[in-house]
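Note that the numbering used here numbers the sequence shown so that position 153 is 277, with each residue one more than the last. Ideal placement from N, C-alpha and C gives every residue a C-beta, glycine not left out. What follows is a single structure, written as structure tokens, with notes after it.
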Amino acid sequence: MNRRKNTAAIFAERARVVGQQAFDAGQYVLKLHAPRCAAAAAPGQFIHLRCAADLPLRRPYSILSADAAGGEVEMLYKVVGEGSRRLAACRAGDELDSLGPIGNAFAPSPERPNLLLVGGGVGIPPILFLAARAREDAAANYTPLVLMGSEIPFPFDVTDSSLPFAGVANGTRATMAALERRGIAARLASGRGFAGCYRGHVGGLARQWLDAAPPEQLAATAMFACGPAPMLQDIARIAAQFSLPCQVALEETMACGVGGCAGCSVAVRDDNGGIAMKRVCVDGPVFNARAVFG
Ligand SMILES: Cc1cc2nc3c(=O)[nH]c(=O)nc-3n(C[C@H](O)[C@H](O)[C@H](O)COP(=O)(O)OP(=O)(O)OC[C@H]3O[C@@H](n4cnc5c(N)ncnc54)[C@H](O)[C@@H]3O)c2cc1C
Ligand code: FES
125 MNRRKNTAAI FAERARVVGQ QAFDAGQYVL KLHAPRCAAA AAPGQFIHLR
175 CAADLPLRRP YSILSADAAG GEVEMLYKVV GEGSRRLAAC RAGDELDSLG
225 PIGNAFAPSP ERPNLLLVGG GVGIPPILFL AARAREDAAA NYTPLVLMGS
275 EIPFPFDVTD SSLPFAGVAN GTRATMAALE RRGIAARLAS GRGFAGCYRG
325 HVGGLARQWL DAAPPEQLAA TAMFACGPAP MLQDIARIAA QFSLPCQVAL
375 EETMACGVGG CAGCSVAVRD DNGGIAMKRV CVDGPVFNAR AVFG
């Protein structure tokens, strides 16, 4: 399974804020009118936003959804510092300098149609985008299974699921309402003891499903993950243990975001076992898990 190569154009646009929805714990879903980005965006890619005219450095945000027909993209972000704080102050009609979409994208393969998708914290958006696009791809017949972990309240409506999730205990029934409506099976994890959530790390939930899966199902499964580095390391370890291909989207601190400064470089193992430095912004952010975590 190869990652989708990053050969596409990056568009500079004045993106118009369509609206923002606020959730608990300083989390927001931002909708922008950025038609060129929306038309080209694929799951795993990000948009680089100047959050305010007087902030010189842009901030990278994964694309949560892209509506080519309406020319709109959505991002889900958490306020952690000056840039995101200024972003949260934006109102409908404001305009932001944007560059996007940037980076490569997750590349599922029809040969492994069971997509075990794992998102943690602010790594959830590209996982939801991938689930939506996989469901829309009728030709490939994908079955996305979504697992999400958070240590703060989830930034979406949560409901009980009636869609089965093999191997997962009955008490683990919480899901994202929007996924349930679309018939995409999902479960939530948190160490915080939220009602209906698996208590612990999201990797524990993935392991439950994998432990219960028969060999023929495992042979048709690939993993995709985005989230904090320790979570990705755990998912990479689990994927290796079950001999599954696994793609991870990294979130490294960035400056230029377009390949010019090398500030986002990470060490990646090539197919011959050698180490090469790769820029997360343009060579990634999606990498094969084994290449990053060994
Ligand atoms: C490819 C990519 C996709 C991302 N997608 C999302 C997303 O969908 N939603 C979201 O909320 N965040 C996402 N991030 C992280 C987001 O870019 C940072 O939270 C943001 O740049 C912080 O800016 P700030 O000015 O608010 O905070 P700063 O004042 O710059 O930093 C505040 C804190 O955030 C940490 N931080 C800063 N930049 C990053 C970074 N790039 N990655 C991780 N931590 C950082 C700092 O170490 C510091 O602790 C993504 C990062 C990358 C590289
Ligand atoms: S942030 Fe400058 S090369 Fe990636």
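Please tell me whether, using a cut-off of 6 Å, the distance from the CB of V282 to the nearest non-hydrogen atom of ligand 1 is below it. no
Beta carbon of G245 nearer than 7 Å to that of S274: yes
Using a Cβ-Cβ cut-off of 7 Å (strictly less than) and excluding sequence neighbours within five positions of N126, which residues of its own chain qualify? Annotation note: pLDDT 44 at N126 (below 50); position unreliable, coordinate value reported separately. Once the five neighbours on either side are set aside, the close Cβ partners of N126 are A231.
What does DSSP give as the partner residue(s) for V242 in the beta ladder? L271, A349
With respect to 6 Å, is the separation between the Cβ of R403 and the closest non-hydrogen atom of ligand 2 below this value? yes
Say whether the segment 164-181 touches the segment 189-199, bearing in mind that this needs 3 or more beta-carbon pairs closer than 8 Å, one atom from each stretch. yes
When you compare the segment 376-394 with the segment 402-410, are there three or more beta-carbon pairs, one atom per stretch, that lie closer than 8 Å? yes
Out of R215, D218, R160, state which residue places its alpha-carbon closest to the alpha-carbon of V197. R160
Specify the secondary structure class of S189 as computed by DSSP and reduced to three states. strand
Is it right to say T345 is buried, meaning 16 or more other beta carbons lie within 10 angstroms of its own, or is it exposed? buried
Identify the continuous beta strand (DSSP E) that holds G194 and give its terminal residues. No beta strand (DSSP E) contains G194, which DSSP labels as neither H nor E.
Sort L173, M199, L334, A263 by Cα distance to C380 and report the nearest one. L173
Per-residue burial, Q365 [other beta carbons within 10 Å of its own, 16 or more giving buried]: exposed
For a test of the three-state rule: what should DSSP assign to S367, helix, strand or coil? coil
Across which residues does DSSP place Q151 in a beta bridge pair? F147, K202
What is the DSSP secondary structure of S254, reduced to helix, strand or coil? Here the sequence assigns Leu to residue 254, which means Ser is not the residue at that position. In the structure shown, L254 sits in a helix (DSSP, three-state: H, G or I).
Please tell me whether G327 and I276 are closer than 7 Å, where the distance is taken between their beta carbons. no
Looking at the secondary structure, which residues open and close the alpha helix (DSSP H) in which E340 lies? 339-342
DSSP state of D221, grouped into three classes? strand
Are L200 and P279 touching if we call contact CB-CB under 7 Å? yes
C370 to F348, Cα distance in whole Å? 6 Å
Alpha helix (DSSP H) containing R331: first to last residue? 326-336
Under 8 Å by Cβ, that's how I've got C425 and G243 pegged, so tell me the actual separation to the nearest angstrom. Look at the range of the chain in this structure, 125 to 418, and you will see that residue 425 is not part of it.
Contact between the segment 308-318 and the segment 260-274: three or more CB pairs below 8 Å? yes
Bridge partners for I362 per DSSP, in chain order? Answer by DSSP bridge pairing: none, since I362 is not bridged.
Is M378 close to ligand 1? I mean its beta-carbon at under 6 Å from any heavy atom of the ligand. yes
Flag this pair as yes or no: are the beta carbons of E137 and S222 separated by less than 7 Å? yes
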